[in-house]
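Colleague: One structure follows; several queries about it will come next.
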Ligand code: NAD
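Residue numbers (the numbering used here): 300 to 723.
Dropping the structure here:
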């Protein structure tokens, strides 16, 4: 049975910010820190795309730009029936910190489209994305807000978005980068698709090293088998880490001596999910119970608030690497800290996607082409460098990894605001 008031993405984001602001109050004025507690802009859209059956449907959309002290707001488009303006506000805020922490010249933003990405047919999804592009075009530009994929949207959708913007401008292609995470053939960058998962795994391998665990003897559990989860599982298996369990919204599977990740991926791609995967030694398990199985590394890579006051006391992972945004509630953070289970926070662990988005942005601005090898190399180096910076700050200031990451990020944004000056 669930206990207590349910945390939300926004309440968690604000609580994490408030602790960082408190730690920085000797360095920056309360007025400056108060500015960062609020989003700069929250836009609500009411769209009327025409479905395949000819009917008009009302679809709500949101765009939030939390901050742009460091550059244009950056953040993905979430498509889900349950997404709210407050969720998008919390996620936009997290993007501000993530961009600052990983060291890219972007501010934080996020968009939401209220639609069920899983059940919608491809024609209607394309129409909704094009409708979003038409309705949101005043807010999307290389200098203002640059979207990307998030839960429920993918590379294909970003191709439609770019095309819709180019079409409305009456040109064959946009000039400068209006959207990242596009297909490579439309100006995307090789390696973006798995960039977030790759960053998660770079972080996890560094964390295993810190804890003196040999990756070839390590076990991992991955919740969520979409863009981030499937790429993380695949790259773990390539690094010799045994992925003993994985789940998605359709089901969860377990194999004590390690799942065959490529076979599971193939099944999930053709069957529309993990449900129904069968192989010798593979057991079907409960997705929530999976989070409490013993393992070295637990990767929540699905939705927010999966590790809460209700299950934190039962978690038996040696460490948690947050692939998803906001998967751990504030109350669970405290319980896990008491149990000395380290959490490598989302703004560090899943920042590989936005880092490679920055490479895509610069590639398009400069009309260059980067090789996949160069992308991987830069991503790995940046993740390792920022991982070390967060661990060092945590040690020096005796902070949790989340608070250390937040302090570094909020400090950077405050410095940018101060450098810009105070006049409106
Ligand atoms: P996605 O839509 O590609 O995949 C989401 C996966 O989670 C699906 O497999 C879905 O079935 C599964 N899922 C949803 N609810 C679940 C539940 N209750 N239990 C188990 N599985 C569940 O989304 P994604 O892009 O992989 O994003 C996943 C998370 O990572 C989100 O929190 C997102 O904000 C975050 N993130 C994504 C990126 C990116 O580049 N795509 C970057 C940074 C952070």
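For every residue, glycine included, the Cβ atom is placed at its ideal position computed from N, Cα and C.
Determine the DSSP secondary structure at residue 659, reduced to helix, strand or coil.
Modeller: Here the question's residue 659 lines up with position 360 in the chain shown. Looking at residue 659 - three-state DSSP - the assignment turns out to be helix.
Colleague: List the DSSP bridge partners of residue 344.
Modeller: Taking the first residue of the chain shown as position 1, residue 344 is located at position 45. Answer is 360.
Colleague: Hey, out of 515, 447, 458, 514, whose CA is closest to residue 494's CA?
Modeller: The residue given as residue 494 occupies position 195 in the chain shown. Checking every option, the nearest Cα to that of residue 494 belongs to 447.
Colleague: How many angstroms separate the CA atom of residue 548 from the CA atom of residue 523?
Modeller: Residue mapping note: residue 548 aligns to position 249 of the chain shown, counting from 1. Residue mapping note: residue 523 aligns to position 224 of the chain shown, counting from 1. Approximately 7 Å, taken between the alpha carbons.
Colleague: Per DSSP, which one or two residues make a beta bridge with residue 441?
Modeller: Here residue 441 refers to the residue found at position 142 when the chain shown is read from its first residue. According to DSSP, residue 441 bridges with nothing at all.
Colleague: With distances taken between CB atoms, is the gap from residue 362 to residue 438 smaller than 8 Å?
Modeller: Within the chain shown, the letter at position 63 stands for residue 362. Within the chain shown, the letter at position 139 stands for residue 438. Result yes, Cβ atoms of residue 362 and residue 438 sit closer than 8 Å.
Colleague: Tell me the rounded alpha-carbon separation between residue 501 and residue 334.
Modeller: Position 202 of the chain shown, counted from the first residue, corresponds to residue 501. Position 35 of the chain shown, counted from the first residue, corresponds to residue 334. So the alpha carbons of these two residues sit roughly 34 Å apart.
Colleague: Between which two residues does the alpha helix (DSSP H) carrying residue 424 extend?
Modeller: In the chain shown, residue 424 corresponds to position 125, counting from 1. Note, residue 424: alpha helix (DSSP H), 421 to 435.
Colleague: Determine the extent of the alpha helix (DSSP H) in which residue 597 is found, giving its start and end residues.
Modeller: Taking the first residue of the chain shown as position 1, residue 597 is located at position 298. Not the alpha helix (DSSP H): residue 597 falls in the beta strand (DSSP E), residues 594 to 599.
Colleague: Since residue 308 and residue 402 should fall inside the 8 Å C-beta cutoff, what is the C-beta to C-beta distance between them, to a whole number of angstroms?
Modeller: Within the chain shown, numbered from 1, the residue matching residue 308 stands at position 9. Within the chain shown, numbered from 1, the residue matching residue 402 stands at position 103. Their Cβ separation, rounded to whole angstroms, is 24 Å, which puts residue 308 and residue 402 out of contact at 8 Å.
Colleague: Rounded to the nearest angstrom, how far is the Cβ of residue 551 from that of residue 542, given a contact under 8 Å?
Modeller: Residue numbering aside, residue 551 sits at position 252 when the chain shown is read from its first letter. Residue numbering aside, residue 542 sits at position 243 when the chain shown is read from its first letter. Not really, about 12 Å apart at Cβ, beyond 8 Å.
Colleague: Less than 7 Å separating the Cβ of residue 548 from some heavy atom of the ligand NAD?
Modeller: Here residue 548 refers to the residue found at position 249 when the chain shown is read from its first residue. The answer is yes for residue 548.
Colleague: Where does residue 300 fall in DSSP's three states?
Modeller: Against the chain shown, residue 300 aligns to sequence position 1. Interpretation of residue 300 is limited by its pLDDT of 35, a score under 50 that renders its predicted location unreliable; no figure is taken from the coordinates.
Colleague: Under 7 Å from any heavy atom of the ligand NAD, does the C-beta of residue 586 make it?
Modeller: Position 287 of the chain shown, counted from the first residue, corresponds to residue 586. Result yes, Cβ under 7 Å from the ligand NAD.
Colleague: Going by alpha carbons, who is nearest to residue 349 out of 425, 484, 324?
Modeller: Along the chain shown, one-based indexing puts residue 349 at 50. Of the candidates 425, 484, 324, the one whose C-alpha sits nearest the C-alpha of residue 349 is 425.
Colleague: I need the boundaries of the beta strand (DSSP E) containing residue 686, first residue and last residue.
Modeller: Taking the first residue of the chain shown as position 1, residue 686 is located at position 387. Run containing residue 686: none in the beta strand (DSSP E); it sits in the alpha helix (DSSP H), 671 to 696.
Colleague: For the putative contact between residue 359 and residue 344, defined by C-beta atoms under 8 Å, what is the C-beta separation to the nearest angstrom?
Modeller: On the chain shown, position 60 is the one that residue 359 refers to. On the chain shown, position 45 is the one that residue 344 refers to. Indeed, because the Cβ distance is near 7 Å, the residues count as touching under 8 Å.
Colleague: Excluding five sequence neighbours on each side, which residues of the same chain lie with their C-beta closer than 7 Å to the C-beta of residue 688?
Modeller: Here residue 688 refers to the residue found at position 389 of the chain shown. Correct list, in chain order: 707.
Colleague: Can you tell me whether residue 470 is buried or exposed, with buried defined as 16 or more other CB within 10 angstroms of its CB?
Modeller: Numbered from its first residue, the chain shown carries residue 470 at position 171. When all chains shown are included, residue 470 counts as exposed.
Colleague: So, with DSSP's three-state summary, where would you put residue 458?
Modeller: By one-based count along the chain shown, residue 458 stands at place 159. Here residue 458 sits in helix by DSSP.
Colleague: Can residue 393 and residue 312 be called in contact, C-beta distance under 8 Å?
Modeller: Residue numbering aside, residue 393 sits at position 94 when the chain shown is read from its first letter. Residue numbering aside, residue 312 sits at position 13 when the chain shown is read from its first letter. Taking 8 Å as the Cβ cut-off, residue 393 and residue 312 qualify as a contacting pair.
Colleague: Can residue 484 and residue 598 be called in contact, C-beta distance under 8 Å?
Modeller: What you label residue 484 is simply residue 185 of the chain shown in a count that begins at 1. What you label residue 598 is simply residue 299 of the chain shown in a count that begins at 1. Result no, Cβ atoms of residue 484 and residue 598 do not sit closer than 8 Å.
Colleague: Does the Cβ-Cβ distance between residue 318 and residue 705 come in under 8 Å?
Modeller: What you label residue 318 is simply residue 19 of the chain shown in a count that begins at 1. What you label residue 705 is simply residue 406 of the chain shown in a count that begins at 1. The answer is yes: Cβ separation under 8 Å.
Colleague: Under 8 Å: do the region 654 to 670 and the region 628 to 646 share three or more Cβ pairs, one atom per stretch?
Modeller: No, because fewer than three Cβ pairs between the region 654 to 670 and the region 628 to 646 fall closer than 8 Å, the two stretches do not touch.
Colleague: What are the start and end residues of the alpha helix (DSSP H) that includes residue 408?
Modeller: For the purposes of this step, residue 408 is taken as residue 109 along the chain shown, with counting starting at 1. First-last for residue 408: 406 to 412, but that is the beta strand (DSSP E), not the alpha helix (DSSP H).
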